[in-house]
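*Asks:* Sending over a structure as structure tokens; questions will come in a sec.
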Amino acid sequence: MRTIAMREALREAMQEEMRRDEKVFLLGEEVAEYNGAYKVSQGMLDEFGEKRVIDTPISELGFTAVAVGAAQNGLRPIVEFMTWNFAVLALDQILNTASKMLAMSGGQVGCPIVFRGANGSAGQLGAQHSTAFESYYANIPGLKVISPSNPYDSKGLLKAAIRDNDPVVFMESEVMYGDKGEVPEGEYIIEIGKADIKRPGRDVTIVSFNKMMKVALAAAEELAKEGIEAEVIDLRTIRPLDWFTILESVKKTNRLVIVEEQWPFASISSEIAYRIQKEGFDYLDAPIRRITSADAPMHYSPTLVGAYLPDVPRTVKLVKEVMYMKK
Numbered sequence: 002m003r004t005i006a007m008r009e010a011l012r013e014a015m016q017e018e019m020r021r022d023e024k025v026f027l028l029g030e031e032v033a034e035y036n037g038a039y040k041v042s043q044g045m046l047d048e049f050g051e052k053r054v055i056d057t058p059i060s061e062l063g064f065t066a067v068a069v070g071a072a073q074n075g076l077r078p079i080v081e082f083m084t085w086n087f088a089v090l091a092l093d094q095i096l097n098t099a100s101k102m103l104a105m106s107g108g109q110v111g112c113p114i115v116f117r118g119a120n121g122s123a124g125q126l127g128a129q130h131s132t133a134f135e136s137y138y139a140n141i142p143g144l145k146v147i148s149p150s151n152p153y154d155s156k157g158l159l160k161a162a163i164r165d166n167d168p169v170v171f172m173e174s175e176v177m178y179g180d181k182g183e184v185p186e187g188e189y190i191i192e193i194g195k196a197d198i199k200r201p202g203r204d205v206t207i208v209s210f211n212k213m214m215k216v217a218l219a220a221a222e223e224l225a226k227e228g229i230e231a232e233v234i235d236l237r238t239i240r241p242l243d244w245f246t247i248l249e250s251v252k253k254t255n256r257l258v259i260v261e262e263q264w265p266f267a268s269i270s271s272e273i274a275y276r277i278q279k280e281g282f283d284y285l286d287a288p289i290r291r292i293t294s295a296d297a298p299m300h301y302s303p304t305l306v307g308a309y310l311p312d313v314p315r316t317v318k319l320v321k322e323v324m325y326m327k328k
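Position one of the sequence shown corresponds to residue 2 (the working numbering), numbered consecutively onward.
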């Protein structure tokens, strides 16, 4: 397999689906003439033309409404948000129209649309540009929510999202667009709703997604130096949530730690902890533990950024706590 960057994997997914289906088109701020704010759509205007790669005004509510209307009339739009922090301006269309139309129309009008863009923190960008939104959108019935951690998963899941007949929220990480990984030359699709075991283990289960997978995997490496074999699971899809894969892992390891870039209240880890204690209480040898972002806005100071986000040392410490090891 060749090694390519995540932005290239995402681009390939869109290009392949646009070649396959003329109803697929891309719109958003700077996606055409500028080749995308993060260069994900580089070269796509030249190939597909201005009717299928469309620069929009700086008006998230406006161009999202256009795309939702197009989806309800038989097209398959991909909406790129420069960041999900800006997409809150379009929440009315995502929440009140895209997610609800199939139900409100009695199954007569669907909304096959993908909303994608950069999500979460990206260093010193201040409080208003650093929110992770998975738990927000996963709380909305009618939406599917995907949050990949590597180029291979990004391509396969984005292709699946574009083909899906339901609205899909696709959350990328701004700091991972340049990350490289192996991606096959040929076409492949990854099923939405399936978690993936990235590292097998026997002693403790660590669950994460998106860029916090780097923390989870690095923590597993550190733990292995002390003879602790952690099984690391990448959720990949937040809704529908593949809690069954987590449960099967916990049946083996009897311990669960969750690492996520969300605020702690009503987070993804909250839902996972509920599901696993409900269905797997008898398999647990320790309380489920989690490490999340701080319960506060993320400020600009690099010192506060470091204190805000989950990291490897704190994750290792938490694993040792659930294993009742000396701290």
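Beta carbons are placed, not taken as given, at the ideal position from N, Cα and C, and that holds for glycine.
Can you tell me whether DSSP reads leucine 319 as helix, strand or coil?
*Replies:* Residue mapping note: residue 319 aligns to position 318 of the sequence shown, counting from 1. Note: leucine 319 maps to helix in three-state DSSP.
*Asks:* If contacts are defined as beta-carbon pairs under 8 Å, then valine 205 and threonine 254 qualify, I think. What distance do you get, rounded to the angstrom?
*Replies:* As a first step, residue 205 must be located in the sequence shown, where it is residue number 204. As a first step, residue 254 must be located in the sequence shown, where it is residue number 253. With 8 Å as the limit, valine 205 and threonine 254 qualify as a contact, their Cβ atoms being about 5 Å apart.
*Asks:* In this structure, does DSSP put asparagine 97 in helix, strand or coil?
*Replies:* Within the sequence shown, the letter at position 96 stands for residue 97. It is helical.
*Asks:* Using the Cβ count rule (16 or more neighbours within 10 Å means buried), how would you classify lysine 279?
*Replies:* Residue 279 sits at position 278 when you count from the first residue of the sequence shown. Exposed, because fewer than 16 other Cβ atoms sit within 10 Å of the Cβ of lysine 279.
*Asks:* Tell me where the alpha helix (DSSP H) around aspartate 167 begins and ends.
*Replies:* Translated into positions along the sequence shown, residue 167 becomes position 166. Note, aspartate 167: premise wrong, no alpha helix (DSSP H); not H, not E.
*Asks:* Unbroken beta strand (DSSP E) runs of length 3 or more, entirely within the region 114 to 170: which are they?
*Replies:* Runs found: 115 to 120 and 145 to 147.
*Asks:* Assuming valine 361 contacts phenylalanine 116 (C-beta within less than 8 Å), just tell me the rounded distance between them.
*Replies:* What the structure shows of the chain is the stretch from 2 to 328, and residue 361 is not part of that stretch, so it cannot be assessed.
*Asks:* Name the residue from Met7, Gln129, Glu9 and Gly108 whose alpha carbon lies nearest to the alpha carbon of alanine 297.
*Replies:* Locating residue 297 in the sequence shown gives position 296, where the first residue counts as 1. Out of Met7, Gln129, Glu9 and Gly108, Gln129 has the C-alpha closest to the C-alpha of alanine 297.
*Asks:* Tell me which residue opens and which closes the beta strand (DSSP E) that isoleucine 55 is part of.
*Replies:* Residue 55 sits at position 54 when you count from the first residue of the sequence shown. Where isoleucine 55 is concerned, the enclosing beta strand (DSSP E) stretches over 54 to 56.
*Asks:* Looking at C-alpha atoms only, which residue of Ile193, Lys181 and Ala219 is the closest neighbour of aspartate 243?
*Replies:* Translated into positions along the sequence shown, residue 243 becomes position 242. Answer by Cα proximity: Ile193.
*Asks:* Please name the residue in Tyr137, Pro311 and Gly107 whose C-alpha comes closest to that of phenylalanine 266.
*Replies:* As a position in the sequence shown, residue 266 is number 265, starting the count at 1. Considering only alpha carbons, the answer is Tyr137.
*Asks:* Compare the Cα-Cα distances from glycine 121 to each of Met102, Glu13, Ala91 and Ser150 and report the closest residue.
*Replies:* As a first step, residue 121 must be located in the sequence shown, where it is residue number 120. Per the Cα distances, Ser150.
*Asks:* By Cβ distance, which residues of its chain are closer than 6 Å to glycine 157, with the 5 residues on each side in sequence left out?
*Replies:* Taking the first residue of the sequence shown as position 1, residue 157 is located at position 156. Cβ within range, chain order: Tyr189, Ile190 and Ile191.
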